[in-house]
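Working notes for the structure below.
Number of protein chains: 2
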Amino acid sequence: MSAKRNLIRSGTTVDQMVRAISDRIVTGFLRPGEKLDEASLAARFDVSRTPIREALSRLSAMGLVERRPNRGATVAVMTQEHLASMFESMAELEAICARFSAERMTAGERRTLEAEHQASARFVQLGAEEEYELFNTGFHTRLYRGAHSKHIYELTVMTRSRLAPFRRAQFMLPGRLAQSWQEHDAIVTAIMRGDSTAAGTAAKDHVSIVSEASAVFAIGDRAKGKAEPFPTSAS
Amino acid sequence: MSAKRNLIRSGTTVDQMVRAISDRIVTGFLRPGEKLDEASLAARFDVSRTPIREALSRLSAMGLVERRPNRGATVAVMTQEHLASMFESMAELEAICARFSAERMTAGERRTLEAEHQASARFVQLGAEEEYELFNTGFHTRLYRGAHSKHIYELTVMTRSRLAPFRRAQFMLPGRLAQSWQEHDAIVTAIMRGDSTAAGTAAKDHVSIVSEASAVFAIGDRAKGKAEPFPTSAS
DNA sequence: GCCGGAGCAATTGCATACACTTTTTGCCTC
DNA sequence: GAGGCAAAAAGTGTATGCAATTGCTCCGGC
Numbered sequence: 000m001s002a003k004r005n006l007i008r009s010g011t012t013v014d015q016m017v018r019a020i021s022d023r024i025v026t027g028f029l030r031p032g033e034k035l036d037e038a039s040l041a042a043r044f045d046v047s048r049t050p051i052r053e054a055l056s057r058l059s060a061m062g063l064v065e066r067r068p069n070r071g072a073t074v075a076v077m078t079q080e081h082l083a084s085m086f087e088s089m090a091e092l093e094a095i096c097a098r099f100s101a102e103r104m105t106a107g108e109r110r111t112l113e114a115e116h117q118a119s120a121r122f123v124q125l126g127a128e129e130e131y132e133l134f135n136t137g138f139h140t141r142l143y144r145g146a147h148s149k150h151i152y153e154l155t156v157m158t159r160s161r162l163a164p165f166r167r168a169q170f171m172l173p174g175r176l177a178q179s180w181q182e183h184d185a186i187v188t189a190i191m192r193g194d195s196t197a198a199g200t201a202a203k204d205h206v207s208i209v210s211e212a213s214a215v216f217a218i219g220d221r222a223k224g225k226a227e228p229f230p231t232s233a234s
Numbered sequence: 000m001s002a003k004r005n006l007i008r009s010g011t012t013v014d015q016m017v018r019a020i021s022d023r024i025v026t027g028f029l030r031p032g033e034k035l036d037e038a039s040l041a042a043r044f045d046v047s048r049t050p051i052r053e054a055l056s057r058l059s060a061m062g063l064v065e066r067r068p069n070r071g072a073t074v075a076v077m078t079q080e081h082l083a084s085m086f087e088s089m090a091e092l093e094a095i096c097a098r099f100s101a102e103r104m105t106a107g108e109r110r111t112l113e114a115e116h117q118a119s120a121r122f123v124q125l126g127a128e129e130e131y132e133l134f135n136t137g138f139h140t141r142l143y144r145g146a147h148s149k150h151i152y153e154l155t156v157m158t159r160s161r162l163a164p165f166r167r168a169q170f171m172l173p174g175r176l177a178q179s180w181q182e183h184d185a186i187v188t189a190i191m192r193g194d195s196t197a198a199g200t201a202a203k204d205h206v207s208i209v210s211e212a213s214a215v216f217a218i219g220d221r222a223k224g225k226a227e228p229f230p231t232s233a234s
């Protein structure tokens, strides 16, 4: 085993490969539609083809790469339509979670949700984007858990993780923090009232706005033709 | 390659293994929580461990088996709560598809949907369960496609496939065929009118009823302990 | 008698070698 | 010169062997 890889402390080799390849995909180092040759990847990361194959399987399940039998794997092409479709799905899923949360959250869950939400106002005042983003993730996770439906939770988390790369830049928009907080407030208020319809609507609107904000960035990124902003390691 | 396996007509070895293992899981031959030893499975099906490993990966992604690093795979335990949660999700997803279909289906899609639906009345009159089940799958698929949202489609199909084993027996209930057709009719009518709210509600109700019907069977099936109804090929 | 650690067996993870499928390239024919 | 077929090359799919991790058992100490 190469000494190099020992330094990258982490779990199994497959996990490392999954991370390594998905990183290169979401950062654009590997372009959509690009062919992923098993042997090359294996050589590139100094492992055998076996863990590469398994990593590609997992990435395929995640939707980051496409695999066709006997024809190898390619980086999944995320068309603008598909991206829109995923945000749309995300809005519907969040709406479901919010509705269910309004109906099913325990008193304790409601208290925690509201408390954390109120606490996050501080980050808005300070303009602490990092911290707010961290809180934001937790807030939504709470919402998903509050639905008390394991499968809905899984679907939602999966969709969110697939959208993650396209959401990164949203808080760079001026005033987005405060607006986000207001939207959260509408959701929390509805949930505290037990008003599932209002909670659903608020959640859907929240995602829709994020969607628009992100789409601008995602597409802007592409359109600008930022083709080579990455360290072309080795080759 | 053993001549035996050549007779089992199908794609790659991994596909066969996925089918074989998932069959044994959904039919109860492999019980929930049971350990899935790679070597044993490989010997059992007369293949090497490699395709078995990949099959287990896929089944894990499907949610049929659980895998822990260095600890092997076990048949996923599907609690009654989780099953209920999945049917609930299915109802919500179908509702979304129906709503979107009511809003977005093209004139052609609407025509086809209605035509096929009307044609299926014949299967009900004849009591042709096999044919109706086949049509039924197509009907729902049309609904999912009609939503014109690739990601929603994927989520819905995925959830449906995970529920498939628990739905098989539903049409064995007396009068279920006619009732199913009536429910479909409500959905189709709403979609033809472009009434998304009504379509969503009708679709949700439809799944809820299927859910109740299936739950009875699923649990009954297990309790009866149908352990050995399968052609134990070889060995 | 119970708890803890070291050694051993069993099983998973990774590497390499071989087989089969697909694709490309070059040659032959029209 | 263009089209098609065939053979080779490239790349995926499967098998097998070895390394590494886990869990168990057995022995020793408290």
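Just so you know, the protein sequences line up as chains A and B, in that order.
Position 74 of the first sequence, counted from 1, bears residue number 73 in numbering that gives the first Met the number 0, the numbering being contiguous throughout.
Position 67 of the second sequence, counted from 1, bears residue number 66 in numbering that gives the first Met the number 0, the numbering being contiguous throughout.
Virtual Cβ for every residue (Gly too), placed ideally from N, Cα, C.
For clarity, every value in this text was computed on a predicted model and none was experimentally measured.
| Check | Outcome |
| --- | --- |
| I'd like the list of long-range same chain contacts for B:Glu130, defined as Cβ closer than 6 Å, with 5 residues on each side in sequence excluded. | Phe122 |
| Please name the residue in A:Thr136, A:Arg144, A:Ala163 whose C-alpha comes closest to that of B:Ser84. | A:Arg144 |
| Taking C-beta to C-beta, are B:Ser21 and A:Glu53 nearer than 8 Å? | no |
| If we call anything under 8 Å between Cβ atoms a contact, is B:Leu92 one with B:Ala75? | no |
| Comparing alpha-carbon positions, which option in A:Gly32, A:Ile51, A:Thr26, A:Phe28 lies nearest A:Ala38? | A:Ile51 |
| Run through DSSP, which three-state label would A:Gly71 get? | strand |
| Could you check what DSSP says for A:Leu35 in three-state terms: helix, strand or coil? | strand |
| Between the C-alpha atoms of A:Ser100 and A:Phe44, what's the straight-line distance to the nearest angstrom? | 44 Å |
| Name the residue from B:Arg161, B:Arg103, B:Ile24, B:Gly137 whose alpha carbon lies nearest to the alpha carbon of B:His147. | B:Arg103 |
| So which residues on chain A does B:Ile149 lean against when the C-beta distance must stay under 7 Å? | The question names Ile, but residue 149 of chain B in the sequence shown is Lys. In chain order: His81, Ser84. |
| Given this structure, state the Cα-to-Cα distance separating A:Thr188 from A:Ser160, to the nearest angstrom. | 26 Å |
| Is B:Glu80 buried or exposed, if buried means 16 or more other CB atoms sit within 10 Å of its CB? | exposed |
| Identify which residue in B:Val25, B:Arg30, B:Ile95 has its Cα closest to the Cα of A:Lys203. | B:Ile95 |
| Helix or strand or just coil, what does DSSP make of A:Arg66? | strand |
| Measure from the C-beta of B:Ser56 to each C-beta in chain A and report whether the shortest distance is under 8 Å. | yes |
| Of all the residues that make up the segment 85-112 of chain A, which are near chain B by a beta-carbon distance shorter than 7 Å? | Met85, Glu87, Ser88, Glu91, Ile95 |
| When burial is assigned at 16 or more other CB atoms within 10 Å of the CB, is B:Ala90 buried or exposed? | buried |
| Given B:Glu87, which residues of its chain have a CB within under 7 Å of its CB, disregarding the five upstream and five downstream residues? | none |
| For chain B, find out if any of its Cβ atoms is closer than 8 Å to the Cβ of A:Ala198; answer yes or no. | no |
| Quick one: what's got a C-beta closer than 7 Å to A:Ala118's C-beta in the same chain, skipping five residues either side? | none |
| Kindly list the residues whose CB is nearer than 6 Å to the CB of A:Ser210, restricted to its own chain and excluding five residues on each side of it in sequence; keep chain order. | Phe86 |
| Considering only residues of the same chain and omitting the five flanking positions on each side of B:Ser207, which have a CB-CB separation below 6 Å? | Ala90 |
| Looking at the structure shown, is B:Thr196 part of a helix, part of a strand, or coil, going by DSSP? | helix |
| Could you pull the start and end residues of the alpha helix (DSSP H) that B:Ser59 belongs to? | 48-61 |
| Can you tell me whether A:Ala106 is helix, strand or coil according to DSSP? | helix |
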